[in-house]
Every structure is written in C-alpha cells, then in structure tokens.
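Participant: 11 is the number of the first residue of the sequence shown in our numbering; add one for each residue after it. Virtual Cβ for every residue (Gly too), placed ideally from N, Cα, C.
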Amino acid sequence: MALTREVLEELLDKKLAPLQASLDFLNEKYDIILKKVSDQEVKVKELSKENSRLHSEVGLLRSTLSNQGKWLNDLEQYGRRECLEIRGIPEVKGEDTSQIACQVANLIGVKLSRQDISTSHRIKPKNSTAKFPPSIIVKFTSRDKRDETYKARGRLRELSTHNVPGLDRFKSNSIYLTRLAF
C-alpha cells in the first residue's frame with residue numbers, strides 16, 4: 011500500500027495536533043509569565059528608586075535631627091550661663107534657697123542680695139539613693155555677679171555648712187560651687 015503524500019500529511023497532522031495544542035497552551039502561559047515578570051521588574055525598579063529616595067531622606071532627617079540636638083544643647087547651655095550649682099548644703103523643709111545662696115556668697119566675700127538672683131531651687135539627684143543632699147541651682151540676674159561668685163569659690167575650701175547660719179545643727183559638709191554642664 012502506497013502512502014501518498016497527502017495521507018502522510020493528514021496522519022502527521024492528526025498525531026501532531028495534540029502536541030501543537032499543548033505547545034500553544036504552553037506558549038500562552040509562557041507569555042503570561044513573561045508579562046508578570048516584566049511587570050515585577052518594573053515594580054522592583056520603582057521600589058528600588060523609592061528605597062534610595064527614602065534612604066536619602068532618612069539621612070537628611072538624621073543630619074537635621076543631629077543639628078537640632080546640637081542647637082538645642084547650645085541654647086540650653088546659653089540659658090545656663092548665668093547659673094551656678096551649690097552642692098553639699100543639707101535640705102531643710104520650707105527652706106529659702108535664694109537666702110541660702112546669698113549666705114554662701116556672703117561667706118566667700120561676695121555681696122549678693124535677692125535682687126541678684128532670678129530664681130533658685132533644688133534639683134533631685136538622678137540616683138534616688140544618693141548620699142548627698144540635692145544641689146541648689148541658682149540663676150543670677152547678671153552674668154557679672156555669677157562670675158564674681160564663681161571666682162570666689164576657692165574660699166569655700168576653708169568653710170563648711172557649719173559656717174552657714176541655720177545649718178550648724180547638721181553634720182559638717184564641704185560646700186562646692188560649680189558651673190552647670192548637663
């Protein structure tokens with residue numbers, strides 16, 4: 011039996027038709043996957059650009075925050091330039107810290123009156139179990155008066171709380187004058 015070309019083509023078409031259908035199906039799925047991969051690549055590029063932009067923005071914000079922190083610290087230091095800290099004075103209920111500051115200044119030869127003091131108060135120690143009494147912060151109305159008091163602090167070496175009127179009933183403590191530096 012002689013097979014003709016047409017018969018062979020028909021037979022091949024019959025046998026290859028399911029393979030062609032499978033190949034067409036796979037091509038269609040491949041095109042869909044290729045499109046999804048392409049879309050994902052575009053999204054990854056967009057996200058990468060946004061990530062870079064956000065990293066730059068975070069760096070800028072960190073720098074700005076650091077500068078603001080330095081500026082705030084400088085401003086706080088500037089605000090404390092008229093202040094001194096008095097350490098070693100026992101705390102008495104109902105005390106007048108401005109009066110104590112005047113007494114300490116007068117002990118070291120500085121004529122200090124209430125008009126020379128803007129405000130004064132105690133600050134609690136950071137460690138609540140500290141064995142020293144809370145310091146007194148004194149803000150002067152003039153930097154000159156603060157400097158005069160600070161320069162005379164060396165005279166405190168020979169003095170103690172027993173030399174401060176009203177504090178002689180307490181244990182004798184050394185008195186220290188320091189600049190504020192937080």
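Taking the straight line between their C-alpha atoms, what separation do you get for SER184 and ARG124?
Facilitator: Cα to Cα, SER184 sits roughly 24 Å from ARG124.
Participant: With DSSP as the reference, label LEU36 as helix, strand or coil.
Facilitator: If DSSP states are grouped into helix, strand and coil, LEU36 belongs with the helices.
Participant: Taking C-alpha atoms, which residue in TYR160, ASP157, ASP106, GLU101 lies nearest to PRO144?
Facilitator: For the residues TYR160, ASP157, ASP106, GLU101, the minimum Cα distance to PRO144 belongs to GLU101.
Participant: Quick check: what's the CA-CA separation for LEU57 versus LEU71?
Facilitator: Taking the straight line from one Cα to the other gives about 20 Å.
Participant: To the nearest angstrom, report how far apart VAL54 and ALA31 are at their CA atoms.
Facilitator: Looking at the two C-alpha atoms, the distance is approximately 34 Å.
Participant: Indicate whether ILE127 and LEU187 have their beta-carbon atoms separated by less than 7 Å.
Facilitator: Against a cut-off of 7 Å, the Cβ pair of LEU187 and ILE127 comes out as no contact.
Participant: Could you say which of ALA115, ASN137, LEU177 lies nearest to ILE99 if we only look at CA atoms?
Facilitator: For the residues ALA115, ASN137, LEU177, the minimum Cα distance to ILE99 belongs to LEU177.
Participant: Could you give the C-beta distance for VAL148 and LEU94, rounded to a whole number, given that I count them as a contact under 8 Å?
Facilitator: Yes, VAL148 and LEU94 are in contact; Cβ-Cβ is about 5 Å, under 8 Å.
Participant: Looking at the secondary structure, which residues open and close the alpha helix (DSSP H) in which LEU187 lies?
Facilitator: LEU187 -> not in any alpha helix (DSSP H); beta strand (DSSP E) instead, spanning 186-189.
Participant: When we look at the beta-carbon of THR171 and count the other beta-carbons within 10 Å, is it buried (16 or more) or exposed?
Facilitator: Burial call: buried.
Participant: Using the Cβ count rule (16 or more neighbours within 10 Å means buried), how would you classify PHE150?
Facilitator: Counting Cβ neighbours within 10 Å, PHE150 comes out buried, since at least 16 surround it.
Participant: By alpha-carbon positions, which one of ILE118, ASN137, ILE146 ends up nearest to SER108?
Facilitator: Nearest option by C-alpha distance: ILE146.
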